[in-house]
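Enquirer:
Chains as they are written, first to last, in my numbering: chain A, 1 to 512; chain U, 1001 to 1478.
1. Sorted by chain position, which residues of the same chain lie with C-beta nearer than 7 Å to residue 1153(U)'s C-beta, five sequence neighbours on each side aside?
2. Name, please, each residue of chain U whose Cβ falls closer than 8 Å to the Cβ of residue 165(A).
3. I'd like to know whether the C-beta atoms of residue 40(A) and residue 253(A) end up nearer to each other than 7 Å.
4. With three or more C-beta pairs closer than 8 Å as the rule, is the region 431-446 of chain A touching the region 356-366 of chain A?
5. CA-CA distance, residue 1347(U) and residue 1208(U)?
6. Contact criterion: CB-CB distance below 7 Å. Does residue 1399(U) meet it with respect to chain A?
7. Applying the 10 Å Cβ sphere with the 16-neighbour rule, what's the burial state of residue 509(A)?
8. Can you check whether the C-beta of residue 108(A) is within less than 7 Å of a C-beta belonging to chain U?
9. So within the region 1191-1272 of chain U, which uninterrupted alpha helix (DSSP H) runs reach at least 4 residues, ignoring any that extend past its ends?
10. From the DSSP output, which residues share a beta bridge with residue 75(A)?
11. Using only the alpha-carbon positions, how far apart do residue 160(A) and residue 1425(U) sit?
12. Give the residues of chain U in contact with residue 222(A), contact being defined as C-beta atoms less than 9 Å apart.
13. Tell me which residues share the same chain as residue 1298(U) and place their Cβ nearer than 6 Å to its Cβ, disregarding the 5 neighbours each side in the sequence.
14. In chain order, what residues of the region 1310-1332 of chain U put their CB closer than 7 Å to some CB of chain A?
15. If you reduce the DSSP assignment to three classes, tell me which class residue 1441(U) lands in.
16. Can we say the region 143-150 of chain A touches the region 229-240 of chain A, given the rule of at least three CB pairs closer than 8 Å?
17. Just list the alpha helix (DSSP H) runs in the region 314-386 of chain A, keeping only unbroken ones of 4 residues or longer that don't cross its boundaries, in chain order.
18. Measure the Cβ-Cβ separation of residue 450(A) and residue 242(A) and say whether it is below 7 Å.
19. Check whether the Cβ atoms of residue 390(A) and residue 324(A) lie closer than 7 Å to each other.
20. Is residue 1286(U) close to chain A? Criterion is C-beta to C-beta, closer than 7 Å.
21. Could you name the residues of the region 56-78 of chain A whose beta carbon sits closer than 8 Å to any beta carbon of chain U, in the order they occur along the chain?
22. What are the boundary residues of the beta strand (DSSP E) that residue 224(A) is part of?
23. Can you tell me whether DSSP reads residue 128(A) as helix, strand or coil?
24. Which of the three DSSP states is assigned to residue 1383(U) in this structure?
25. Identify the continuous beta strand (DSSP E) that holds residue 1061(U) and give its terminal residues.
26. Tell me the rounded alpha-carbon separation between residue 302(A) and residue 246(A).
27. Please identify the residue among 1246(U), 1097(U), 1123(U) and 1418(U) whose C-alpha is closest to the C-alpha of residue 1113(U).
28. Any heavy atom of the ligand GDP within a distance shorter than 6 Å of the CB on residue 239(A)?
29. Along the chain, where does the alpha helix (DSSP H) that runs through residue 1172(U) open and close?
30. Indicate whether the contact test is met: 3 or more Cβ pairs, each with one atom in the region 329-345 of chain A and one in the region 376-384 of chain A, closer than 8 Å.
31. Quick check: the Cα distance between residue 1157(U) and residue 1220(U), rounded to an integer number of angstroms?
32. Could you check whether residue 214(A) and residue 267(A) sit closer than 7 Å to each other, using their CB atoms as the reference points?
33. Specify the secondary structure class of residue 1124(U) as computed by DSSP and reduced to three states.
34. Step through the CB atoms of chain U and report whether any lies within less than 7 Å of the CB of residue 187(A).
35. Quick check: the Cα distance between residue 1172(U) and residue 205(A), rounded to an integer number of angstroms?
36. What number of angstroms, rounded off, separates the C-alpha of residue 280(A) from the C-alpha of residue 474(A)?
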């Protein structure tokens, strides 16, 4: 079956699901402990998965396949990219549960059940190896997220929940039609086989656009990003963490698993579309973030800007770009999740997200100010933190593809520093704007337990990214080999008159 | 084929007719006190008829082609009898308050089931018409079953007037087809249509399809649906939304494929128009509704539109998708109406306002969860099973190269999703309204749980079985 001798991926999916069902039938306190226990157990399974993942081994590992649904199969399996995203999911989940420990007071069992269901579905998305199984997991995530935003969200939660649901649904139904066509054309629903199948070039454009409709909304890319600020602002803290940390990554994962390998020619010819939207997103959403008065909205817009780095990197068609895009995905998952947690900490105390009501928090909340500073710096992309590695690689890759794109994207870093530091100054420095802000107490041990692990992981990823890049290297190589034939001509001809696209490990190591 | 052989084929109809007549006598002599016994026997008769339909001895063509019993009719009959049985089972508690349940209710449903069985087994335009009328006449009476209730009486009258109009249109189409082809047998019409449609045949086709579109309440012949659904007693509405829909859809499929198969290109446009118009109007018009039964009426229009997409593909894949759609649809619909039946205030009076569902998730979490499952399933959101038939119909469209239509069709499902979400929102996000009276009937609770389980992700395990049976049904027509 696999190197472990038991179906670990099915177990990873089933465990939270069963725990979620149990949660529904107990009281609030038991539900909290069950949820924490289940997510921690899932995290432990995730660590086992990572430890047993054979770097440089078979492309698809831990493969399971049971043809139980007639038209499609319960087919699971992961490569390095999926592995990293699964680790990210199972790492963030216990933290989400802890973050909701006291903040959620009403209908706790249902809340925990929705979160655990969400975890199952997220892992399912990254582990699915069957086209339609992937779609089921991908779409099913809408239901728990709709309920999380709608039941436990802020004042305008109902509008936000509708917008989230309908926006993403409209995007993904078009993808379903494309999938139906592909399954008929290729005669299989097996994702690894489809990744190697050459679709007719004319059809690729349509298929690419149908998938793009779904992933661009999920990602989200400008101009279909407007659901994100609404959803983030209204969702409870942990909901925002999961939304920013994992759900947005499904868009990027979709690009790398479907769009690029399955439609290389279309990706090559439509690269202007992706670059164009990403360039607008980097500049526009950064500027919008600069004028926000709502902390969560500011971070939401910064997410859109960071996701634009991901798309620029992924569509650079070279190793640095793709690895950079993936690293930004992982880093953003950690850092923006942590930033939302930081907002949650002060929101729990003052019940407002308005930046002007805070100020001077470094006086009365030194630990908080320190951690918030760290994550602000990580978001800006300070060397030594996770985002630096990803953004740097993505920009290097972008230079290989198009120097204009790289130049515009780089302004995003400057603007990012501007809005994040501006936010930090208004919240932490100076003196308190309101008496309540001055009276807030520092982080509790529970809150520290949420934020410190993320801080450590961010540092780890920034100082020694090799742990995270190594499992993905071979898969990025396979992807590059697949898309090489469609690589658009770049304008940045480097010194040797030859773009550094030949993917050898030595060349790669030199690029750091 | 001798008469006795032909009669054996109609065993399901015979069982139902004989028991209906006997039970009618029982009701006349026994009075209302025997109603529950009559209901039990009726359900037993429906179960027996379903088994008779599955039985291989009842398969074949009888009465010189007037009556066909094949895998297609069997598939439809099992669904019809099942839905009819559920409609009988859920009735007593609803009518109990008004002491309005009389022995005629199960008998009328049985008679209607006979008509529906004939509809899906018709091999001739006249069998079709007789079956359709038998079903409809029983249905008109059922709609006005609460005769002292003004809305119910109004519903019955509206249904009757518009139904008679549709029957007239259908009959006119039938006479045109007969006049221009010289036969009423489906096989003969197909042969005549094989060498191109004459103008008269084309007119006949349009009229026949219009009459049938009325019966499945496809746009633009849907106007009666919301009024009738709202006015009729809820168990009757549940019945209207399930069994006759399957029968009429089965009939439409059979006529389109068996009689008008060579003219596929002609009716395909009509079906495509009706399908798109139904999904769009069924979605848009439902948004403003405040009565749950009206909303479910539009939901049935919407769903019939999706089922028609399968027929629009015009091949075995499409027909099998349509039949699967109907199978899953009746489970979702009956489940939703079972939930609606639980909507009664403290004094036991039925309430139909969507607003009264407010905060149901806190007063009755189990019921709210089941209702939410049905709503998400009707909207076709995976992983609920309602997604699967939508998947199949669009797959059939893509298979014949109609992917632009599939794109538009699936985009209209997003419109529909909005109002299903509205119900979920009312139940889960809003503050609780006064609680409903507690559920007294274990049977209804059990049926809700069973249908919720069937449309939950567990339903996917049934895909191989459903695919095999619905494909066999479709292959019987091609």
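No residue lacks a Cβ here, since even glycine has one placed at the ideal position from N, Cα and C.
Expert: Reading it off the structure:
1. Counting only Cβ-Cβ distances below 7 Å, and skipping sequence neighbours, we find 1144 and 1147.
2. Scanning chain U for C-beta atoms nearer than 8 Å to the C-beta of residue 165(A) yields 1417 and 1421, reported in chain order.
3. No, these two residues do not count as a Cβ contact at 7 Å.
4. Pairwise C-beta distances place the region 356-366 of chain A in contact with the region 431-446 of chain A, as three or more of them are shorter than 8 Å.
5. Straight-line Cα distance between these residues: approximately 47 Å.
6. The beta carbon of residue 1399(U) sits closer than 7 Å to some beta carbon of chain A.
7. Interpretation of residue 509(A) is limited by its pLDDT of 48, a score under 50 that renders its predicted location unreliable; no figure is taken from the coordinates.
8. No, no contact with chain U.
9. With a minimum length of 4 residues, the continuous alpha helix (DSSP H) runs that stay inside the region 1191-1272 of chain U are 1199-1215, 1224-1231, 1234-1241 and 1243-1254.
10. Note: residue 75(A) sits in a beta bridge opposite 65(A).
11. Each residue's alpha carbon lies about 12 Å from the other.
12. Counting only Cβ-Cβ distances below 9 Å, residue 222(A) has no contacts in chain U at all, with the closest Cβ about 21 Å away.
13. Correct list, in chain order: 1282, 1285 and 1286.
14. The region 1310-1332 of chain U vs chain A, Cβ under 7 Å: nothing.
15. Under the three-state reduction of DSSP output, residue 1441(U) falls in the coil class, being neither helix nor strand.
16. Judged by Cβ distances under 8 Å, the region 143-150 of chain A makes contact with the region 229-240 of chain A, as three or more pairs qualify.
17. If we require 4 residues or more, the alpha helix (DSSP H) runs fully inside the region 314-386 of chain A come out as 319-350, 361-364 and 366-380.
18. For residue 450(A) and residue 242(A), no; Cβs fall outside 7 Å.
19. A contact, by the Cβ cut-off of 7 Å.
20. No, no contact with chain A.
21. If the cut-off is 8 Å between Cβ atoms, the region 56-78 of chain A has 68, 69, 70 and 71 near chain U.
22. Under the DSSP assignment, residue 224(A) falls outside any beta strand (DSSP E); it carries neither an H nor an E label.
23. If DSSP states are grouped into helix, strand and coil, residue 128(A) belongs with the strands.
24. Note: residue 1383(U) maps to coil in three-state DSSP.
25. It spans 1060-1062 - the beta strand (DSSP E) in which residue 1061(U) sits, taken as one unbroken run.
26. If I take the Cα positions, the gap works out to 16 Å.
27. Nearest neighbour of residue 1113(U) by Cα position, chosen from 1246(U), 1097(U), 1123(U) and 1418(U), turns out to be 1246(U).
28. Here there are no bound small molecules, and the ligand GDP is not part of this structure.
29. Unbroken alpha helix (DSSP H) run through residue 1172(U): 1150-1181.
30. Touching, per the Cβ criterion.
31. Between residue 1157(U) and residue 1220(U), the C-alpha separation is close to 20 Å.
32. The Cβ-Cβ distance between residue 267(A) and residue 214(A) does not fall below 7 Å.
33. DSSP places residue 1124(U) in strand when its eight states are reduced to three.
34. It does not; no Cβ of chain U falls within 7 Å.
35. So the two alpha carbons sit approximately 49 Å from each other.
36. C-alpha separation (whole angstroms): 32 Å.
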